[in-house]
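Student:
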Amino acid sequence: MSTLADRTIAALRTTHDELAAFVRGLDATDLDRQSGASEWTVAQVLSHLGSGAEIGLATLRAALGGQDAPGQDFNHGVWDRWNAKDPEAQAKDFLVADAEIVSAFEGLDAGARERLRVKLGFLPMPGDVSLVGGMRLNETALHSWDVVVAFDPAATVAPDAAGVLTDLYSGPLDFMVGFMGRPDALDPRLATTLRVETSDPERVLGLTLGETVGFSEVPEPADTLSLPAEAWVRLLGGRLAPEHTPPSVILTGDGVTLDDLRRVFPGL
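Read in order, the letters of the sequence shown are residues -4 to 263 in the working numbering.
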C-alpha cells in the first residue's frame, strides 16, 4: 500500500521530470524573463531551486549518517556560489542538483521511509520523510509554476503534486499554513472558519481565519470555497492573482472575499 511518503517521492519525480523537460527547451532570452516570483527571473528561480536541492541533499545525507545537518555557514556558501553563476549555468546546474535530490529520496527503502528522522533547525522536532520530502515538493511545485507561468498565463500546478500537497498541508505540513498565512491582513470583523471543498482530489477542510490561520473542524453551514486542488495550493502559496484564477474557483457567502484570502496568503 502506498504511504504518504511514497506519494510525496513519486510526485517529486514527476515534478522534476516535467520541469526539467521544460527548462531544456529554454534559451538565454527565456531565462531572463520575469518569472511568477515578482523579484526573480526564470534563471533566478532555477538557481533558488538548485541551491535548495544541494542543501536539502546534504541535510538528507547527514540524517542517513546519523549526523547533524550542515549549519548556516554551509548554506550561505551554497547560496553565494549559486548566485554567482550566470543564467545558463543556473539552469544547467539546476537540472543536475534537482535530479540528485530526487534520486536520493527514491533510494530510501521502505524502512528508511518509515523510520528516518531529519533534524531541521527551524522545527522543534526532527521531521519524517513525508514532512521533509513534502517541504521540497512544496518548493518545486510552486516554483515550477513560477517558471512556466512566465510563458503561459494559464499555467497550473501538476495534478499529482497538487493532490499530495493538499493532503500534506492538512497533515505533516499543517504548520506551514500558519506560517504562510498573515492573519493581521484580515479585518478582525471578518474572522471566520471557511468550508474548503477541493476537486481532483476531492477533499473537505475547515480553514480558520482569525487571530491565527490554520485548519479546524469543518463547519456546517459556512461560507464555502470550492476550487481545484491545484488552485488551492496556489492560493496558499500566494499565486492565485485574479489573472491566474480559473472560473472554477467559487467562494459563496457574505463574509470574506477572494481578495481577502489573497491578502491573507500573499506568498513568501
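Just so you know, even glycine gets a beta-carbon here, dropped at the ideal spot from N, CA and C.
Quick caveat: nothing in here was measured; it's all calculated off a predicted structure.
Beta carbon of Glu83, beta carbon of Leu26: below 8 Å?
Tutor: Yes, these two residues count as a Cβ contact at 8 Å.
Student: Do Gly232 and Leu137 have their C-beta atoms within less than 8 Å of each other?
Tutor: The answer is yes: Cβ separation under 8 Å.
Student: Determine the contact status of Gly31 and Ala145, defining contact as a CB-CB distance below 8 Å.
Tutor: Taking 8 Å as the Cβ cut-off, Gly31 and Ala145 qualify as a contacting pair.
Student: Looking at C-alpha atoms only, which residue of Ile4, Ala224 and Asp249 is the closest neighbour of Pro241?
Tutor: It is Ala224 whose Cα lies nearest to the Cα of Pro241.
Student: Would you kindly work out how many angstroms separate the C-alpha atoms of Leu55 and Ala64, rounded to a whole number?
Tutor: Each residue's Cα considered, the two are about 8 Å apart.
Student: Could you tell me the alpha carbon to alpha carbon distance between Asp93 and Gly250, rounded to whole angstroms?
Tutor: Spanning the two alpha carbons is a distance of roughly 42 Å.
Student: Please report the distance separating the alpha-carbon of Leu185 from that of Gly51.
Tutor: Whole-angstrom Cα-Cα distance: 39 Å.
Student: Report all residues from its chain with a CB closer than 7 Å to the CB of Thr187; omit the five preceding and five following residues, and keep chain order.
Tutor: Contacts found: Leu204, Asp218, Gly250 and Val251.
Student: From Pro183 to Phe260, what does the alpha carbon distance come to, in whole angstroms?
Tutor: Near 16 Å, if we compare the C-alpha coordinates of Phe260 and Pro183.
Student: Exposed or buried, which one is Ser(-3) when buried takes at least 16 other CB atoms within 10 Å?
Tutor: When all chains shown are included, Ser(-3) counts as exposed.
Student: Just curious, the beta strand (DSSP E) that Phe69 is in, first and last residue?
Tutor: Run containing Phe69: none in the beta strand (DSSP E); it sits in the alpha helix (DSSP H), Gln67 to Asn78.
Student: Mind reading off the beta-carbon distance from Val172 to Gly209? Whole number of angstroms is fine, and I expect it under 8 Å.
Tutor: With a Cβ gap of about 6 Å, Val172 and Gly209 count as contacting.
Student: Assuming contact is defined by CB atoms lying nearer than 8 Å, are Leu14 and Phe100 in contact in what I supplied?
Tutor: Result no, Cβ atoms of Leu14 and Phe100 do not sit closer than 8 Å.
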